[in-house]
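Participant:
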Amino acid sequence: MTDTQIALPPGAENISRGGFNLYAGPFWRLPGEGATHLYGLLVEPKHMNSSGSLHGGVLMTFADIAMSQTSRAVSGAKTCSTVSLTCDFTGPGKLGDVIIARVRVTRETRTMVFLSAELVCGERTLGVVTGLWKILEQ
Amino acid sequence: MTTLPAGFTRTELIDPFEIHVGPVFERGVKGARRFAFVIDERHINMRGVIHGGMLMTFADAALGQAAWDVCDHASCVTMTMHMQFLAPAKLGDLVEVAPVLTRRTRALMFFRGDFTVGDETIFSVASVWKILGQD
Numbered sequence: 001m002t003d004t005q006i007a008l009p010p011g012a013e014n015i016s017r018g019g020f021n022l023y024a025g026p027f028w029r030l031p032g033e034g035a036t037h038l039y040g041l042l043v044e045p046k047h048m049n050s051s052g053s054l055h056g057g058v059l060m061t062f063a064d065i066a067m068s069q070t071s072r073a074v075s076g077a078k079t080c081s082t083v084s085l086t087c088d089f090t091g092p093g094k095l096g097d098v099i100i101a102r103v104r105v106t107r108e109t110r111t112m113v114f115l116s117a118e119l120v121c122g123e124r125t126l127g128v129v130t131g132l133w134k135i136l137e138q
Numbered sequence: 001m002t003t004l005p006a007g008f009t010r011t012e013l014i015d016p017f018e019i020h021v022g023p024v025f026e027r028g029v030k031g032a033r034r035f036a037f038v039i040d041e042r043h044i045n046m047r048g049v050i051h052g053g054m055l056m057t058f059a060d061a062a063l064g065q066a067a068w069d070v071c072d073h074a075s076c077v078t079m080t081m082h083m084q085f086l087a088p089a090k091l092g093d094l095v096e097v098a099p100v101l102t103r104r105t106r107a108l109m110f111f112r113g114d115f116t117v118g119d120e121t122i123f124s125v126a127s128v129w130k131i132l133g134q135d
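First to last, the protein sequences are chains A and B. At position 77 of the first sequence the residue is numbered 77 (the working numbering), and the sequence of numbers has no breaks. At position 74 of the second sequence the residue is numbered 74 (the working numbering), and the sequence of numbers has no breaks.
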């Protein structure tokens with residue numbers, strides 16, 4: 001086990017295989033809780049801004065990856081693409097935080113998936129996100 | 001590393017994550033700066049097109065620079081970002097944005113930005129920023 005896996009909840013699976021996902025990550029899939037899909041991120045020095053907080057770009061990237069993965073998981077599609085995403089930044093993330101994305105599907109149609117997510121660290125909510133994904137390939 | 005696009009200079013970045021994904025380029029004067037980056041192998045997804053996370057990170061960086069111009073380097077933070085992904089962009093593309101200040105109050109700055117590759121708008125943002133310490 002790596003130090004990162006020790007910091008994350010048990011059962012974490014690395015989902016960063018290449019490209020920006022790996023360069024900005026790694027990001028982790030966690031065992032879900034019923035209809036809630038869970039993902040994890042350990043905040044590293046590269047993720048920070050100059051004020052000593054987590055950079056907003058990292059939080060939005062994490063949300064995008066967690067919600068895209070969930071879209072694919074529920075639709076069974078090979079590829080989905082983000083159509084729109086809204087992120088409210090409700091609190092700062094700190095170095096060493098283990099941030100959990102709690103993703104839920106609001107509605108799924110034949111071609112679209114509507115999702116919401118909360119990004120939390122313990123009792124703190126860092127971000128609230130909604131978004132729309134298009135199913136590209138079944 | 002990316003060569004400088006014609007007419008642009010390098011933006012001085014201070015956030016570790018922006019330095020990690022940069023460089024970012026700019027042209028124009030304070031308050032009317034235009035920002036750009038070139039899509040390289042670090043920025044794409046498994047389908048070979050720009051990753052949404054990189055576009056959103058660049059948006060946060062460019063709007064943050066524009067916000068700094070408006071509030072004269074006071075501390076400010078992103079409150080909300082609303083984004084539409086209109087079209088894919090590919091390796092080697094130059095992505096540009098000239099952030100627009102829609103309104104400024106004592107404590108808030110409202111921005112929007114259309115991100116283009118050539119003549120095509122690929123990504124659009126509306127965002128609210130808070131100037132810290134102002135009610």
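Beta carbons: idealized from backbone N, C-alpha and C, even for Gly. Computed from a predicted structure; not experimentally measured.
So what's D60(B) in DSSP terms, helix, strand or just coil?
Facilitator: On the second sequence, position 60 is the one that residue 60(B) refers to. Three-state result, D60(B): helix.
Participant: Taking R17(A) as the query, report the chain B residues whose CB atoms sit under 9 Å from its CB, ordered along the chain.
Facilitator: The sequence position of residue 17(A) within the first sequence is 17, counting from 1. Going along chain B in sequence order, the residues near R17(A) (Cβ under 9 Å) are M46.
Participant: Which of the residues in the region 101-117 of chain A, read from start to end, lie with their CB under 8 Å from any CB of chain B?
Facilitator: Taking 8 Å as the Cβ-Cβ cut-off against chain B, none of the residues of the region 101-117 of chain A qualify.
Participant: Alpha carbon to alpha carbon, what distance is there between D119(B) and L4(B)?
Facilitator: Residue numbering aside, residue 4(B) sits at position 4 when the second sequence is read from its first letter. Residue numbering aside, residue 119(B) sits at position 119 when the second sequence is read from its first letter. Rounded to whole angstroms, L4(B) to D119(B) spans 20 Å at the Cα level.
Participant: Checking the sheet assignment: what are the DSSP bridge partners for F25(B)?
Facilitator: Here residue 25(B) corresponds to residue number 25 of the second sequence, with the count starting at 1. DSSP, once it has assigned bridges, lists R10(B) and A36(B) as partnering F25(B).
Participant: Measuring alpha carbon to alpha carbon, tell me which of V129(A), T90(A), R104(A) and I135(A) ends up nearest E123(A).
Facilitator: Translated into the one-based positions of the first sequence, residue 123(A) becomes position 123. Comparing Cα-Cα distances from E123(A) to each of V129(A), T90(A), R104(A) and I135(A), the minimum goes to T90(A).
Participant: At a Cβ threshold of 8 Å, is G87(A) touching chain B?
Facilitator: Here the question's residue 87(A) lines up with position 87 in the first sequence. Just to set this straight, residue 87(A) is Cys in the shown sequence, not Gly. It does: the Cβ of C87(A) has a partner Cβ on chain B nearer than 8 Å.
Participant: In chain B, which residues lie with their C-beta within 8 Å of the C-beta of G96(A)?
Facilitator: Here residue 96(A) refers to the residue found at position 96 when the first sequence is read from its first residue. Within 8 Å Cβ-Cβ: nothing; G96(A) doesn't reach chain B, min ~14 Å.
Participant: The beta strand (DSSP E) with V49(B) in it runs from where to where?
Facilitator: Working through the second sequence from its first residue, we reach residue 49(B) at position 49. Run containing V49(B): none; DSSP gives neither H nor E here.
Participant: Do T70(A) and V43(A) have their C-beta atoms closer together than 8 Å?
Facilitator: Mapped onto the first sequence, residue 70(A) falls at position 70. Mapped onto the first sequence, residue 43(A) falls at position 43. Not a contact, by the Cβ cut-off of 8 Å.
Participant: Keeping to the same chain, check which residues put their C-beta closer than 7 Å to that of V98(A); ignore five residues upstream and five downstream.
Facilitator: On the first sequence, position 98 is the one that residue 98(A) refers to. Taken in chain order, the residues that qualify are A7, L8, G40, L42 and C121.
Participant: Have a look at A184(B) and R103(B) and give me their C-alpha separation to the nearest angstrom.
Facilitator: With chain B represented from 1 up to 135, any question about residue 184(B) goes unanswered, as that position is not in the structure.
Participant: Using a C-beta cutoff of 8 Å, does Q84(B) count as contacting chain A?
Facilitator: Within the second sequence, residue 84(B) is the residue found at index 84, counting from 1. Taking Cβ atoms only, chain A reaches closer than 8 Å to Q84(B), which makes this a yes.
Participant: Start and end of the beta strand (DSSP E) containing V3(B)?
Facilitator: Locating residue 3(B) in the second sequence gives position 3, where the first residue counts as 1. Here residue 3(B) is Thr; the residue named in the question, Val, does not match the sequence. Counting along the chain, T3(B) falls outside any beta strand (DSSP E), and DSSP gives it neither H nor E.
Participant: Straight-line CA distance for V29(B) to K46(A)?
Facilitator: For the purposes of this step, residue 29(B) is taken as the residue at position 29 of the second sequence. For the purposes of this step, residue 46(A) is taken as the residue at position 46 of the first sequence. Cα-Cα distance, rounded: 30 Å.
Participant: Would you list, in chain order, the members of the region 28-56 of chain B that have their beta-carbon closer than 7 Å to a beta-carbon of chain A?
Facilitator: R42, H43, I44, N45, M46, R47, H51, G52, G53, M54 and M56
Participant: Would you mind reading off the limits of the alpha helix (DSSP H) that contains M67(A)?
Facilitator: Residue numbering aside, residue 67(A) sits at position 67 when the first sequence is read from its first letter. Residues G56 to S75.
Participant: Excluding the 5 residues flanking V83(A) on each side, which residues of the same chain have their C-beta closer than 6 Å to its C-beta?
Facilitator: For the purposes of this step, residue 83(A) is taken as the residue at position 83 of the first sequence. Taken in chain order, the residues that qualify are L132 and K134.
Participant: Residues of chain B with a CB under 9 Å from the CB of N21(A): which are they?
Facilitator: Taking the first residue of the first sequence as position 1, residue 21(A) is located at position 21. Think of a sphere of 9 Å around the beta carbon of N21(A): the chain B residues whose beta carbon falls inside it are N45, M46, H51 and G53, in chain order.
Participant: Output the boundary residues of the beta strand (DSSP E) element that contains F123(B).
Facilitator: Working through the second sequence from its first residue, we reach residue 123(B) at position 123. From DSSP, the beta strand (DSSP E) with F123(B) extends over E120 to I131.
Participant: If I follow the unbroken alpha helix (DSSP H) through A24(A), where does it start and stop?
Facilitator: To locate residue 24(A), count along the first sequence from 1; it is residue 24. First-last of the alpha helix (DSSP H) with A24(A): G19 to A24.
Participant: Whole angstroms are fine: how far does the CA of A6(B) sit from the CA of L54(A)?
Facilitator: For the purposes of this step, residue 54(A) is taken as the residue at position 54 of the first sequence. For the purposes of this step, residue 6(B) is taken as the residue at position 6 of the second sequence. Cα to Cα, the separation comes out at about 33 Å.
Participant: Within 10 Å of its beta-carbon, does S75(B) have 16 or more other beta-carbons around it, so buried, or fewer, so exposed?
Facilitator: On the second sequence, position 75 is the one that residue 75(B) refers to. That one is exposed.
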